[in-house]
Each structure stands twice: as structure tokens, then as C-alpha cells.
Amino acid sequence: MDAVRTVRTRARHDVAALDESLVPSTRALRDVRVAALTRHAPGVVRRAMRDEGSLRPWWDRSPLLILAAPLVLAYAIVFGDPGVGLVGAALLGWGVLAEPRLNRRERVERQQLLTVYRNTVADALVERAHRLAR
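Adding 36 to a residue's 1-based position in the sequence shown gives its number in the numbering used here.
This is how it looks when you write it as C-alpha cells:
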């Protein structure tokens, strides 16, 4: 899986980018540092999945947003119908709030990649703390 390799590489890079003073020596502080580093993990995972091709594009996940809402809004603008404009705005809002819709396979893979990122960060922090302690 190419995304796993990409996520592991990014996690190791994030830990390597830390200053030596930011590498905690106790387990409790390492857990806090892992939590801080994994805060941006969803973006890393989403980019890795998109680059690998396992994440569908947004227009494929939400046909309502790409088809129905613009057509209804265009109709409202062309014919000046405020009622249809309100319906179009409601459709657009519903489509935006429903994004991103992931199917079960994508959700499972995303969760696995988030776990891989968190575990790799934790292992890299432990390894770096041991290296600095020597």
C-alpha cells in the first residue's frame, strides 16, 4: 500500500523536524507530543489517499452538490424566482454540510492510515528519545 509508506514517511519527517528540546523523555509528555503531532494527521492521510487514488473526487461523492444545486440556482437567477432560489440555497447548504461523504471502504482505510500515522509518530519519538538519552 503506497499510502501507508507515504504516511509513515511523513510521520517520521514530522518527528525529525522537532528540535531536540521538544523531544520529551517521559512517557506522559511523549503522549502529549504524539497528540499534538497527530492533530494534522487527517490532512496528511487525505492527501495520501488522494495521491494513491483510493479517495474518490468530491464531485463523485456528492452528485447533489455538483448537479442539482447549480441547476436550481441558475434557474432562480435566470427567471428571478426567489422561491426556487431559496430551494437552491437549501440544496447547496445540504450538499456542503453532507461533504465529505466517504463510503465504508474509504472510512476504514482512513482510520487505518490515521492509526499508522499515530503509531509511527509514537515509535519515532521513542526512538529519538532513546537516541538523545545515550
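Glycine included, C-beta positions come from ideal geometry on N, C-alpha and C. Given the structure is predicted, the values throughout are model-derived calculations rather than measurements.
If we ignore side chains and look at the alpha-carbon of each, how far apart do residue i and residue j end up?
| i | j | result |
| --- | --- | --- |
| P106 | P93 | 18 Å |
| G119 | L128 | 14 Å |
| L73 | L149 | 14 Å |
| S57 | V132 | 42 Å |
| R137 | A104 | 17 Å |
| S61 | L168 | 9 Å |
| F115 | L101 | 21 Å |
| A158 | R143 | 23 Å |
| D55 | A77 | 20 Å |
| A126 | S98 | 15 Å |
Would you kindly check if the distance between the Cβ of residue j and the Cβ of residue i is under 8 Å?
| i | j | result |
| --- | --- | --- |
| M85 | R146 | yes |
| V51 | R164 | yes |
| D96 | T42 | no |
| A47 | T156 | yes |
| V59 | R154 | no |
In this structure, how does DSSP classify residue i when only helix, strand and coil are distinguished?
| i | result |
| --- | --- |
| R167 | helix |
| T45 | helix |
| L133 | helix |
| R143 | helix |
| P60 | coil |
Assuming the contact rule is C-beta atoms closer than 8 Å, residue i and residue j should be a hit. Round their C-beta distance to whole Å, please.
| i | j | result |
| --- | --- | --- |
| A110 | G121 | Wrong, their Cβ atoms sit about 10 Å apart, outside the cutoff. |
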